[in-house]
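Trainee: One structure, as structure tokens, below. Some questions next.
In this note's numbering, the protein residues as written are 31 to 361.
The structure is reproduced here in structure tokens:
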């Protein structure tokens, strides 16, 4: 091991510690912002709590419910009460789901992680294949088709792709189910879940792939013009060997950072895709908790999404620093 290896590892460790320390005030600001935005919401939580029974409830019952739920307290008192329970490890109870917040998240988060993981893997696979082929055949019909399609897809929201997929593959061809986790009345077996996962995962993967495809294409074109690639060609190596062994590894280094930067869009895209396909992940809980001004659940889900974005950025930066010694670690 070289003498610089320990100092490099120490610098990367300090980078991770700085990012983790920075995450604390960021999460605190997000939590306060969610409470303030919820307080400004035009929706009355007690109406969402009662549902249609609000029309038969007496004024005394509604007033008692408001008191018991703490809805008459100021937003800062409600925030302090929530923060106090959080310090004890309790995320509180969800008013909209009538369940502990931890239970709501535990039931839904695995399905969201499954969708996001499969969608991201598909996006990376699409980017690797099409990005490399487009750069390899620069200026040809394949390059022009991939580039034009990538720029077109950049402007199409994931929910539009989802609706088109349902219209074509569910309603038109009848090949795949258009929503839910299983068919009606069926248990959540591997075959049922896999069949229902195809369309939402493909839509999420395709919606996230344009930036990755175009980035790999441009990065590979830049590397193909560098001296070490020219030298490999001069030594008589075949073009597949030059592209895949000498150019692609160098071109993939900035790709790792890009993956981390795409995490916010991946989270947003997953929420939209889950809503279109009625996928039982956290998206439905986000929408329901926002409409019901369900502070405990809404704050927990917002902090979870923020933590995912911060973790994705940190992992990407650490991976880039480990792969490339030239990457600075003082950011």
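Just so you know, even glycine gets a beta-carbon here, dropped at the ideal spot from N, CA and C.
Please read these numbers as outputs of a predicted model, since none were measured by experiment.
What's the call for residue 159, buried or exposed, on a 16-neighbour Cβ count within 10 Å?
Mentor: Flag for residue 159 reads exposed.
Trainee: Taking the beta carbon of residue 307 as the centre, do at least 16 other beta carbons fall within 10 Å, making it buried, or is it exposed?
Mentor: Buried.
Trainee: Strictly by DSSP, which residues pair up with residue 294?
Mentor: Answer is none; residue 294 lacks a bridge partner.
Trainee: Taking residue 206 as the reference, give the member of 228, 138 and 176 with the closest Cα.
Mentor: Closest by alpha carbon: 228.
Trainee: Which of helix, strand or coil does DSSP assign to residue 55?
Mentor: Helix at residue 55.
Trainee: What are the boundary residues of the alpha helix (DSSP H) that residue 179 is part of?
Mentor: Segment 171 to 184, the alpha helix (DSSP H) holding residue 179.
Trainee: Could you say which of 293, 340, 305 and 324 lies nearest to residue 151 if we only look at CA atoms?
Mentor: If we check each option's Cα against that of residue 151, 293 comes out closest.
Trainee: Which ranges would you report for the beta strand (DSSP E) in the stretch 201 to 251 if only whole runs of at least 3 residues count?
Mentor: Whole beta strand (DSSP E) segments, 3+ residues: zero.
Trainee: Work out the CA separation of residue 347 and residue 287 for me, nearest whole Å.
Mentor: C-alpha separation (whole angstroms): 6 Å.
Trainee: Can you check which of these residues, 284, 147, 91 and 131, is closest to residue 331 by C-alpha distance?
Mentor: Closest option to residue 331, Cα to Cα, is 131.
Trainee: Which stretch, first to last residue, makes up the alpha helix (DSSP H) that contains residue 319?
Mentor: Here the alpha helix (DSSP H) through residue 319 covers 312 to 321.
Trainee: Residue 130 bridges to which residues according to DSSP?
Mentor: Residue 130 pairs with 123.
Trainee: Would you identify the three-state DSSP class for residue 260, choosing helix, strand or coil?
Mentor: Three-state result, residue 260: helix.
Trainee: Within this structure, are the beta carbons of residue 249 and residue 279 separated by less than 8 Å?
Mentor: No, Cβ-Cβ distance for residue 249 and residue 279 is not below 8 Å.
Trainee: Near residue 155, what residues of its chain come up, given a Cβ to Cβ distance below 6 Å and the 5 sequence neighbours on each side ignored?
Mentor: Hits under 6 Å: none found.
Trainee: Can you list, in chain order, the residues of its chain with a C-beta nearer than 6 Å to that of residue 237? Leave out the 5 residues immediately preceding and following it.
Mentor: Excluding positions up to five away in sequence, the list reads 188, 191 and 299.
Trainee: Please report the straight-line C-alpha distance between residue 353 and residue 61, rounded to a whole angstrom.
Mentor: Taking the straight line from one Cα to the other gives about 35 Å.
Trainee: On the CB-based measure, 16 or more other CB atoms within 10 Å of its CB, does residue 247 come out buried or exposed?
Mentor: Buried, because 16 or more other Cβ atoms sit within 10 Å of the Cβ of residue 247.
Trainee: For residue 70, tell me which candidate among 359, 320, 52 and 95 has the shortest Cα-Cα distance.
Mentor: It is 320.
Trainee: Excluding the 5 residues preceding and the 5 following residue 68 in the sequence, name in chain order all residues of the same chain whose CB lies nearer than 7 Å to its CB.
Mentor: Around residue 68: 323, 325 and 328.
Trainee: List the endpoints of the continuous alpha helix (DSSP H) containing residue 115.
Mentor: 105 to 117 is the span of the alpha helix (DSSP H), which, as asked, contains residue 115.
Trainee: My output table needs one value for residue 309: the three-state DSSP class, helix, strand or coil.
Mentor: Residue 309 falls in the coil class under three-state DSSP.
Trainee: Does the count of Cβ pairs from the stretch 165 to 177 and the stretch 250 to 262 closer than 8 Å reach three?
Mentor: Output reads yes: the stretch 250 to 262 touches the stretch 165 to 177.
Trainee: If you draw a straight line from the alpha carbon of residue 31 to that of residue 342, how long is it in whole angstroms?
Mentor: Low local confidence applies: a pLDDT of 47 at residue 31 is under 50, so the model's placement there is unreliable, with the coordinate-based value given in what follows. Each residue's alpha carbon lies about 29 Å from the other.
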